[in-house]
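Counting with the numbering used here, you get residues 216 to 296 for the letters of the sequence shown.
Each residue gets a CB set at the ideal place from its N, CA and C atoms; glycine is no exception.
Just so we're clear, the structure is a prediction, and the values are computed from it rather than from any experiment.
Step one of this worksheet: look at the structure below.
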Amino acid sequence: MRSCLQLYAGAVPALEWAARSVSAGRYRGAREVLQSAQYVSLGCEGMAGGGGGAAALPRENERFSVMAIVAHAVVASMLGP
């Protein structure tokens, strides 16, 4: 679980930067950060032993992944095709 905490803690500065960028109307770099954030929960799940692993992960791990997917989709739609 400590590895998961470190993984999430490492993502925080990039996500804060992405939030400031989106707020300022700069979407391009934020889109890539949000795309990367989608994999944080998967990495945590992998470190915990996968779906049937020994360590049970909190629901927030899956919710984070869903929120990252939604945020990425919104920012990507702001950029257009």
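Beta carbon of residue i, beta carbon of residue j: below 8 Å?
i: F279; j: V255; result: yes
i: A224; j: A252; result: no
i: S238; j: G244; result: no
Using a Cβ-Cβ cutoff of less than 6 Å, which residues in the same chain neighbour residue i once the five nearest sequence positions on both sides are dropped?
i: A286; result: L249
i: N276; result: S256 and C259
i: M293; result: Y242
i: R246; result: V290 and A291
Could you please give the first and the last residue of the uninterrupted alpha helix (DSSP H) stretch that includes residue i?
i: Y223; result: R217 to S238
i: A252; result: R243 to A252
i: A288; result: R274 to L294
Compute the Euclidean distance between the alpha carbons of residue i and residue j, then round it to the nearest angstrom.
i: V290; j: E231; result: 15 Å
i: A263; j: R217; result: 10 Å
i: V281; j: A271; result: 18 Å
i: L220; j: A226; result: 10 Å
i: A233; j: G295; result: 18 Å
Output needed for residue i: all residues of its chain with C-beta closer than 8 Å, excluding positions within five of it in sequence on either side, in chain order.
i: L222; result: V255, G258, C259 and M262
Here's a check: name, in chain order, each residue in its chain whose Cβ is nearer than 7 Å to the Cβ of residue i, leaving out the five neighbours to either side.
i: A229; result: V248
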